[in-house]
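Number of protein chains: 6
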Amino acid sequence: MFFHKQELQYKASPAKPDVLQARRMQELLGGQYGEITVAMQYMFQGWNIHVPGKYRDMIFGIGAEEVGHVEMLAVMIAQLLEKAPVEQAEDAISRDPAVAAVIGGMDVQHAIVAGAGARPVDSMGNPWSGSYVTASGNLLADFHANAAAEMQGRVQATRVFHATDDKGVRDLLSFMIARDTMHQNQWLAAAAELQAEGHEELPVPSNFPQRLEDSSVAHQYQNFSDGQQAREGSWASGPAPDGKGQFSYTDGPQDHGVVPLPPPTTPDPRFYGTTGKPNLVEKVVGTVKDAL
Amino acid sequence: MFFHKQELQYKASPAKPDVLQARRMQELLGGQYGEITVAMQYMFQGWNIHVPGKYRDMIFGIGAEEVGHVEMLAVMIAQLLEKAPVEQAEDAISRDPAVAAVIGGMDVQHAIVAGAGARPVDSMGNPWSGSYVTASGNLLADFHANAAAEMQGRVQATRVFHATDDKGVRDLLSFMIARDTMHQNQWLAAAAELQAEGHEELPVPSNFPQRLEDSSVAHQYQNFSDGQQAREGSWASGPAPDGKGQFSYTDGPQDHGVVPLPPPTTPDPRFYGTTGKPNLVEKVVGTVKDAL
Amino acid sequence: MFFHKQELQYKASPAKPDVLQARRMQELLGGQYGEITVAMQYMFQGWNIHVPGKYRDMIFGIGAEEVGHVEMLAVMIAQLLEKAPVEQAEDAISRDPAVAAVIGGMDVQHAIVAGAGARPVDSMGNPWSGSYVTASGNLLADFHANAAAEMQGRVQATRVFHATDDKGVRDLLSFMIARDTMHQNQWLAAAAELQAEGHEELPVPSNFPQRLEDSSVAHQYQNFSDGQQAREGSWASGPAPDGKGQFSYTDGPQDHGVVPLPPPTTPDPRFYGTTGKPNLVEKVVGTVKDAL
Amino acid sequence: MFFHKQELQYKASPAKPDVLQARRMQELLGGQYGEITVAMQYMFQGWNIHVPGKYRDMIFGIGAEEVGHVEMLAVMIAQLLEKAPVEQAEDAISRDPAVAAVIGGMDVQHAIVAGAGARPVDSMGNPWSGSYVTASGNLLADFHANAAAEMQGRVQATRVFHATDDKGVRDLLSFMIARDTMHQNQWLAAAAELQAEGHEELPVPSNFPQRLEDSSVAHQYQNFSDGQQAREGSWASGPAPDGKGQFSYTDGPQDHGVVPLPPPTTPDPRFYGTTGKPNLVEKVVGTVKDAL
Amino acid sequence: MFFHKQELQYKASPAKPDVLQARRMQELLGGQYGEITVAMQYMFQGWNIHVPGKYRDMIFGIGAEEVGHVEMLAVMIAQLLEKAPVEQAEDAISRDPAVAAVIGGMDVQHAIVAGAGARPVDSMGNPWSGSYVTASGNLLADFHANAAAEMQGRVQATRVFHATDDKGVRDLLSFMIARDTMHQNQWLAAAAELQAEGHEELPVPSNFPQRLEDSSVAHQYQNFSDGQQAREGSWASGPAPDGKGQFSYTDGPQDHGVVPLPPPTTPDPRFYGTTGKPNLVEKVVGTVKDAL
Amino acid sequence: MFFHKQELQYKASPAKPDVLQARRMQELLGGQYGEITVAMQYMFQGWNIHVPGKYRDMIFGIGAEEVGHVEMLAVMIAQLLEKAPVEQAEDAISRDPAVAAVIGGMDVQHAIVAGAGARPVDSMGNPWSGSYVTASGNLLADFHANAAAEMQGRVQATRVFHATDDKGVRDLLSFMIARDTMHQNQWLAAAAELQAEGHEELPVPSNFPQRLEDSSVAHQYQNFSDGQQAREGSWASGPAPDGKGQFSYTDGPQDHGVVPLPPPTTPDPRFYGTTGKPNLVEKVVGTVKDAL
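Chains as they are written, first to last, in the numbering used here: chain L, 199 to 490; chain V, 199 to 490; chain Z, 199 to 490; chain G, 199 to 490; chain B, 199 to 490; chain X, 199 to 490.
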């Protein structure tokens, strides 16, 4: 169960309205790596988890926090939109480039659809999508995805931070960027702990029997480009991070197969695909088959 | 530039057709973590990169390989579909549960739309989406995303592996799972190397000035759930992975703010939102404003 | 069957071109509650209806009107775009904020994709989606959805009305807002009539046997927030609108269940999920299972 | 802020696993009118609200409950999936139609992507979309949308109820259907109260100045179909629900306009659209313009 | 304006219900090349057209017909769904593979969402999308797109035809396939006429000044694959269809450029991208810039 | 397999950065008819093809070229974004309309998400979708779709060409427009050759037995609009392009059917749809059925 408390985790009031910044904040709220994504992602991981204990507790502990982050952003956006223009005052536009920027750059649906409120969309107006969520049931894979999501989220938040000098907005972002720092660290620590406790190793999933994969290419860099510097990297020689092999380098892949020739039996003519024979033949076959 | 060679990186021929397995393979081809995703992701990272040298070479080297993986899967799927049923033969269905499973479980568009061919969709028929791609310009954030993507991809491939006992399909998957092993290792090695060379540190992005974030909460676990075991984890005490702080634990967040009261100036009445006053007042105001 | 008549239900000519207003009008044409939505929604309700007579006639009568509304908006938008800028004349931009607003704010695809024409998208460029449509087969549920859609649509149209002072655009919107008034009334009247004639009651669907739902919570407000004023509302005491119970209030839900512990039988190890046991055990199990 | 409590609002354990029912339950979790939709919808309405007091408290009180409903469904689905088939055991399929139904009808991503867990998608695998959410800032419009959503949701839940005879699943649905009953009533009561207190009237938005809409058609049924029974309805004569006019009926719309002829000034030739003149003329014009 | 007549263009009644065929018919109704697509496509082309006369009349003449085709399919689908199973009768499934096929293969939302009715989706449940529509303002380009759409549509309809032997369904498809034949011919004829009358030539758009394109490669086949037979085609030598050049063949493209090296001025450090320099340098720069 | 060469097919360097043009170029990269679409479309056609030889070679030859076009556009866009504004410098905006245009018109995610890099989206920010791809297995249908795609693509590129006077951008577009010219010609030539060699005829698919379609309407123009000029076109009389019939014209369709009345057996009451009988009857029936 979830309970709501009518306080925010951190104050979320801008110094003054700014509809352009409101639009940018939508990325942090409803973008691919926005707060809805991490909230949903952690909650689905928690609901699908098969084990009790500290990992499960931690997932719910952070999941609920993230819903509150959505709230802080939404509350902030609504205030940034307080002066969202209702009309396109041509005089004002003609006189003032700042007005022109607002008229040109605002999220049009902030005004028409939400009446100066936040929306579950990103900064370009794409609705948030369930396809952003990652919850595989394999905790090590998922914790890495979580760490990666927090990194992308923090990168985006720092960019949005610099886009404004509003004291209130920067203050909130200063708090949220710090939480991203924490969560980035948190998932990296949890991923390390999972491995230390023997729940999972690299490569993920580690309990797929090794004999079932083609070990001859499991640690081999195959270069499909004409650049020559890739062989200088630590991924081209030396021990691999999973501790299960030595990296090697091969310049160009070994040929293993060919595009198969068309199979001896042609596809069913009733698919009406092109099969390389003048269609007269097929027409007869088709007509006959159909008549049966 | 990209060049095509009419050979496959690995042979891709099933022992026999299997339209249900064809559908499952679509997840590896066109799903959130399928081969189209990683191909596109690495290529966009390469096109947006600002630095020459080994990282850039490596990104293109693997990016081109992944396009070839899309090809192997597509070629395999087309062959698995060779006996895709054109008709719903009621007699056959009534007699044979295996036919019933095929009629019930096949990707309907494999037959109707593609004429027994592969499609750029996942196993539930969702078209591949550009929103799956991550390319932020920050290589450490992106390499972590890449490693996470390879982990999810490998987990999915192992599940699809067990769904069939077709020798040809398992053979291809055995090769592809090994490549996932390599690529998982590759990105982890590259991420480590980026840090070792001082390009980037944790937390990402590391050159966001630390004084601009609220350091009081940057390493603090805040528990928003009623579980008590989360404090036992390595994320609740001890040094954080970024080496820049000690984890701490707090049971319940400190209150920092409140949901702001409605601002003294009400929104423009021409948004026709609800403002808490009987609308008679607004109607007068609106009419007057409008008349001006 | 549908027939087209080369007249519009109402004149649709702007006083002068305005590419920014063209973009706003797209919301009314192709947005979540735009005219395509209601046209499609009413038509699908009509096609799926199981009963002849006045409701069915009425649904088709309004459905066809709404296709004509799409037409009026499209014709208007094409004219508003007549002066859509082909080039980004830097001189003009530098001199004139109004030009800057246009360059910044226009729907880029209006120019590049449609060559100064309307598109089946909303004001942020999201393509219209079949997922906006509601047609459940239960007419009372659907008529309420229709009334709600007309309300949202009218709210949006009034906002778009104020965004321009173009006489021609306002004239068309004045007509369309009046039609929204009619249709809002129409669906509310139809919903009332359905109930008066005994086809359906509240709660919808009314013929789900009452004994099959948990009547102990069917009229009980459960407060999951810490606000205390919700108990003052008419939804917290007194008779409920469905006439089948008295509202009651409870501050905090009664606990009925717990998150289930992991089931005694662990999931199939071949899902490679995390199961709380060091994976060595599983690896053995998996290898053995696989070998069989 | 949101807090999580590790109990469920109601017990959510099936009598036995059933992957087909798991798929159906996804509609109630992640469909257009599933629990994610209402949770998000109410929360966004709450975050965008401009007024303190009972409406706002109520919105948060129910919003948090709905997040808990997502949880109950997710937990239930994960248990229903416990025996999700990892392999396509041909022998078993060939012998048993029930196995064939499962192989054919399961959500393929439940196995491959989630490892036997719930996902933020509907029963056909479409990811949940932010475009399902309605939050306009006009509470009367939004409360009607909420009531309509609860009706659709309840209709769907009753259908899913009959699809199974699992005691545990029916038990949970019996609880959730009752909550839908409550919430349907709740929003209807709240909508009535908003009007009774004078915040808003019909038609929504009521404070759009009536003189700005074309009152001649604001209560007129216009029949665009050839059915003749629509005039028998209460929407074709008598007083309208908004109390502001009498319904009237007209058989066929009055012609108000025509599709405008092509404007005297042709579009910019650099759009390369078709303009009705042989393109030689344009080519010359274009070349000249371009040369300047 | 559009008017509805309560007759169908052709009878649409199946011999008996068939929920699997209902799902297949959804592709023809709501797929990428289904009837909603062509209806919308032709209507948008008509609304955006700049010229009066026969082309415009024809576009509206066929556009309205296509809306009627959506209707015929929807009416057919609703009847095919008449026996859609409400419950998952385990006994019946266990005994009868045909029931298993239905339970496994039906569109789950046909039952849960539409209550045995048609939906604006394709055969895999993807909602119809406005992104399927093509209307560029250039009639020759659009007529080619229309002809191509009718071809895809007819191919799909013939495949769906063979999937059933229901006399009623085949009868309707027999009619619709014939209309596809007509419309395929119609658009090809119209495209030829546009050229014959000098409105447009190949390549489209023909009035783009030829001197503005790089004529050295405008008729040159460049082979980016290692196949050698492509040079045998009529696209590799001889006159091109546009009558404006001779095809030539080149085995491998000429190198024209290189991937640009990183520009001398690095991107703004406040994007926190990776720039190839250890981040210490940037951190100083960033801190200084930020401090200013 | 695909190989990458670190050169571009053509130089792709702008004279100077221009974030607005960067956004327009996204349409050519990631739009419905952008380079990702044609690259994917040709590759899927190649992977699904059933015949070896010149067509297959040609498809791969052009498919690989198109991936390189994506690359050229991405590289160009990244350079156009080099000066993408990090901050919203209010002073600069207030002074300079050109800055206002940039702030208003840029793709917000170019800055926040990609850190001044290209993205797999169109000019309005919609992510590229697999639903743009056409690959039916019928080569004549597909080659027509390819020609149509190249026409739309060339129309769009010419529009984007005029939007800038940047020498470098125009230079690249001049090259790409010429390649569009080639590819438009190429697919038209290939379509003609397929027919000349007897693989396929019009109407597509030509081997669908003609006796299975309703030949009475296969070449008949049916006018569903009130325009009278459509009968003047070549599609209303004379020989049809498929050489299999004479066009005819009929003013208004012949009535073939009617909307079916509700079937004698009502739908299962457990769908809780509206069936035209007061629900009391159903309620009894439902209760009884349920009790059994």
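Here a beta-carbon is modelled for each residue, glycine too, at the ideal position from N, C-alpha and C.
This one's a predicted model, so the numbers in the text were calculated from it and none came from an experiment.
| Check | Outcome |
| --- | --- |
| State the start and end residues of the unbroken beta strand (DSSP E) segment that holds Gln418 (chain Z). | Gln418 to Gln420 |
| Flag this pair as touching only if the stretch 376–390 of chain L and the stretch 402–415 of chain L have three or more C-beta atom pairs under 8 Å; answer yes or no. | no |
| Might you give, ordered along the chain, the residues of its own chain that have their beta carbon closer than 7 Å to the beta carbon of Arg254 (chain B), omitting 5 neighbours on each side? | Gly244 and Ile247 |
| By Cβ distance, which residues of its chain are closer than 8 Å to Met256 (chain V), with the 5 residues on each side in sequence left out? | Gln384 and Ala388 |
| Give me the DSSP bridge partner(s) of His202 (chain L). | Z:Ser423 and G:Phe200 |
| Taking three-plus beta-carbon pairs below 8 Å as touching, is the stretch 344–353 of chain V in contact with the stretch 321–339 of chain L? | yes |
| For Ile301 (chain B), collect the residues of the same chain with a Cβ closer than 7 Å to its Cβ; drop the 5 residues on either side in sequence, then sort them by chain order. | Pro283, Gln286 and Ile291 |
| Report the neighbours of His417 (chain X) on chain B: residues whose CB is nearer than 8 Å to its CB, in chain order. | Thr379, Met380 and Asn383 |
| Name the residue from L:Phe469, L:Gln426 and L:His381 whose alpha carbon lies nearest to the alpha carbon of Gly251 (chain V). | L:Gln426 |
| For Thr235 (chain V), collect the residues of the same chain with a Cβ closer than 6 Å to its Cβ; drop the 5 residues on either side in sequence, then sort them by chain order. | Tyr330 |
| Can you look up Gln207 (chain L) in the DSSP assignment and give me helix, strand or coil? | coil |
| Where do the N-terminal and C-terminal ends of the beta strand (DSSP E) with Thr379 (chain G) fall, by residue? | That residue, Thr379 (chain G), is in no beta strand (DSSP E); its alpha helix (DSSP H) goes Lys365 to Ala394. |
| Secondary structure at Ser327 (chain L), three-state DSSP: helix, strand or coil? | strand |
| With DSSP as the reference, identify every bridge partner of Phe445 (chain L), one or two as the case may be. | L:Gly436 |
| Please report the straight-line C-alpha distance between Arg377 (chain X) and Val249 (chain Z), rounded to a whole angstrom. | 57 Å |
| Taking the straight line between their C-alpha atoms, what separation do you get for Asp369 (chain Z) and Asp216 (chain Z)? | 15 Å |
| For chain G, find out if any of its Cβ atoms is closer than 7 Å to the Cβ of Lys214 (chain B); answer yes or no. | no |
| Could you work out which residues of chain Z lie near Val353 (chain V), taking near to mean beta carbons separated by less than 9 Å? | Phe469, Tyr470 and Gly471 |
| First and last residue of the alpha helix (DSSP H) that includes Gln286 (chain X)? | Counting along the chain, Gln286 (chain X) falls outside any alpha helix (DSSP H), and DSSP gives it neither H nor E. |
| Could you spell out the range, first to last residue, of the alpha helix (DSSP H) harbouring Thr356 (chain X)? | Leu337 to His360 |
| By the 8 Å beta-carbon criterion, what residues does the stretch 200–225 of chain B contribute toward chain Z? | Phe200, Phe201, His202, Lys203, Gln204, Glu205, Leu206 and Gln207 |
| Any chance the stretch 387–402 of chain G sits against the stretch 207–225 of chain Z, with 3 or more Cβ pairs inside 8 Å? | no |
| Can you pull the DSSP bridge partners for Val273 (chain X)? | DSSP output for Val273 (chain X) lists no bridge partner at all. |
| Please compile the residues from chain Z whose C-beta is within a distance smaller than 8 Å of the C-beta of Phe341 (chain B). | Correct list: empty, because the minimum Cβ distance to chain Z is about 14 Å. |
| Tell me where the alpha helix (DSSP H) around Ile234 (chain B) begins and ends. | Glu233 to Asn246 |
| Can you find the residues in the same chain that come closer than 6 Å, C-beta to C-beta, to Pro451 (chain G), ignoring five residues on each side of it along the sequence? | Gln420 |
| Quick check on Lys365 (chain B): buried or exposed, where buried means 16 or more other Cβ atoms within 10 Å of its Cβ? | exposed |
| Could you please tell me which residues of the stretch 241–259 of chain X, in chain order, have their CB closer than 9 Å to any CB of chain V? | Met241, Phe242, Gln243, Gly244, Trp245, Asn246, Ile247, His248, Arg254, Asp255, Phe258 and Gly259 |
| Taking the C-alpha atoms as reference points, what is the distance between Met238 (chain X) and Gln224 (chain Z)? | 30 Å |
| Can the beta-carbon of Thr472 (chain G) be found closer than 7 Å to that of Asn336 (chain B)? | yes |
| Just mark Asp449 (chain Z) as buried or exposed, buried being the case when its beta carbon has 16 or more other beta carbons within 10 Å. | exposed |
| Once you ignore the five residues that flank Gly492 (chain V) on each side, which residues in its own chain have a CB closer than 7 Å to its CB? | Outside the displayed span of chain V (199 to 490) sits residue 492 (chain V), for which this structure offers no information. |
| Spell out whether any CB of chain L is found under 7 Å from the CB atom of Arg368 (chain Z). | no |
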